[in-house]
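Input: a single structure, listed below in structure tokens.
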Amino acid sequence: MKTDEIRHVASYDFRPRRERFRAEVLSGLRKPQKELPSKYLYDEKGSRLFKHICTLDEYYIPHTEAAIMDTCVVEIVELLGPHVLLVEYGSGDCKKVRTLLAHLHDPVAYVPIDISREQLFHTAKELDSDYPGLEVLPVCADYTSGFELPVPKRPCQRTVVYFPGSTISNFDPIPAKHFLERIARVCGLNGAMLIGVDLKKDPVVLHRAYNDSQGAAAAFKLNLLERLNRELDCDFKLDCFEHYAFYNPREGRIEMHLVSLREQIVRVGDVTVPFAKGESIWIESSYKFNLDEFEQMAVAAGFKVEEVWTDKRQWFSIQYLVTTEGPTS
Ligand code: AVI
928 MKTDEIRHVA SYDFRPRRER FRAEVLSGLR KPQKELPSKY LYDEKGSRLF
978 KHICTLDEYY IPHTEAAIMD TCVVEIVELL GPHVLLVEYG SGDCKKVRTL
1028 LAHLHDPVAY VPIDISREQL FHTAKELDSD YPGLEVLPVC ADYTSGFELP
1078 VPKRPCQRTV VYFPGSTISN FDPIPAKHFL ERIARVCGLN GAMLIGVDLK
1128 KDPVVLHRAY NDSQGAAAAF KLNLLERLNR ELDCDFKLDC FEHYAFYNPR
1178 EGRIEMHLVS LREQIVRVGD VTVPFAKGES IWIESSYKFN LDEFEQMAVA
1228 AGFKVEEVWT DKRQWFSIQY LVTTEGPTS
């Protein structure tokens, strides 16, 4: 019965289609500073590579966040309360949510949202059998665009959006604020958000995290070119590009690029894109916040920061936000 339900909700599939993928890629490669949307890093292999990054000591985010969660989860679920509809944006392998699910008081349903379809439905099935009383309603979508939330069978006390891992770091400031505004509307009156937010720290630590000794971060980025070759009929030569990530203190962000090692022309379907030697494609940014900076953005988006938990080194924070004005449309 429950497996049928999972199969049924597979119809909540709002994945971006190939035409849109192609249009976004071409528009990025035509800009003076070439760029590619980082959401396309997460195909099946990309998701696997990112999972590997998350196991590295140098990449401090997952283990620091998990340690905070382990220490504070009892306090957190008290604040969230019983019978919540838990919605996770960018659920990945649904590993992080397990600590919450194990402690939440009778959640009415869990809605994992992810762009990576295979992983989403596979892990949703696992959760379904591991938490027999829980309604699991997976949604395959690019959560930066519009999509419908499924309606759970039981009524909920409140909607809580879970957004761990500091994925908010990968949005530029204005889109980040708009994204939080949209989440505030999804949460509605009496809604809440539990969000992981990475904090400013020694640039040497940041440099190591985004230039790991195994080359995992580089492989993760180069996989995007491999994906473009396969899915959009491109001819990127992977050994003609090199990963380059650095901290920009003025902007408070890590910038991740792929640099062309020589002058070259790359085919994107029936279009050609010239590269100068040393020219880069900006693949991703990862913003680091002060607590005050993040609070300002959250407040502007319609949230109040009610509680913040950090590790001893103050490298990372988990923040409990509540909506202040409910849905605005
Ligand atoms: C998903 N996100 C929070 C990661 C980050 O740290 O910005 C993405 C990442 N890219 C390379 N390493 C990690």
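Okay, so the sequence shown: first residue is 928 according to this note's numbering, each after it adds one.
In this text, a Cβ means the ideal position worked out from N, Cα and C, and glycines have one as well.
- Beyond the five residues adjoining it in sequence on each side, Arg1081 comes within less than 6 Å, by CB distance, of Val1035 in the same chain, given in chain order.
- Counting C-beta atoms within 10 angstroms of its own C-beta, Leu1149 has 16 or more neighbours from the protein chains shown and is therefore classed as buried.
- The ligand AVI never approaches Tyr1016 closely enough for any of its heavy atoms to be under 7 Å from the residue's Cβ.
- The continuous alpha helix (DSSP H) containing Lys1052 extends over residues Arg1044 to Asp1057.
- Each of Ala1228, Asp1197 and Val1235 was checked against the Cα of Glu1252, and the nearest Cα belongs to Ala1228.
- Per DSSP, the unbroken beta strand (DSSP E) holding Gly1123 starts and ends at Ala1119 to Asp1125.
- Restricting attention to Lys1128, Asp1055 and Val1186, the CA atom closest to the CA of Lys1239 is found in Lys1128.
- Here Asp1162 is exposed, its C-beta having fewer than 16 other C-beta atoms within 10 Å.
- DSSP places Ala994 inside the alpha helix (DSSP H), whose first and last residues are Tyr987 to Leu1007.
- When DSSP states are grouped into helix, strand and coil, Thr1026 belongs to the helix group.
- Distance from the CA atom of Ser1096 to the CA atom of Tyr969, rounded to whole angstroms, is 16 Å.
- Between the stretch 1022 to 1031 and the stretch 1099 to 1112 there are fewer than three C-beta pairs closer than 8 Å, too few to call the two in contact.
- Not one heavy atom of the ligand AVI falls within 7 Å of the beta-carbon of Asn1150.
- In its chain, beyond the 5 residues on either side, Arg1189 and Glu1190 have a beta carbon closer than 6 Å to the beta carbon of Lys1204.
- Rounded to whole angstroms, the separation of the alpha carbons of Ile1110 and Val1249 is 11 Å.
- Note on geometry: alpha-carbon atoms of Val1038 and Leu1155 lie some 30 Å from one another.
- The stretch 1086 to 1095 and the stretch 1001 to 1015 touch, with three or more beta-carbon pairs separated by less than 8 Å.
- Here the distance from the Cβ of Ala1036 to the nearest heavy atom of the ligand AVI is not below 7 Å.
- Inclusion of Met1183 in the 7 Å shell around the ligand AVI follows from its C-beta lying nearer than that to a non-hydrogen atom of the ligand.
- When the five nearest sequence neighbours on each side are left out, the beta carbons in the same chain lying within less than 7 Å of the beta carbon of Val1235 are those of Leu1218, Ser1244 and Gln1246, in order along the chain.
- Per the coordinates, the alpha-carbon of Val1000 lies some 28 Å from the alpha-carbon of Ala1068.
- A distance criterion of 7 Å places the beta-carbon of Thr1094 in contact range of the ligand AVI, judged by its closest non-hydrogen atom.
- Val1232 has Leu1248 as its beta-bridge partners, per DSSP.
- In this structure, the CA atom of Leu1061 is about 27 Å from the CA atom of Cys981.
- Remark: the C-beta of Ser1043 is outside contact range of the ligand AVI, defined as less than 7 Å to any heavy atom.
- Closer than 7 Å to some heavy atom of the ligand AVI: that does not describe the Cβ of Tyr1247.
- Collapsing the DSSP output to three states places Thr982 in coil.
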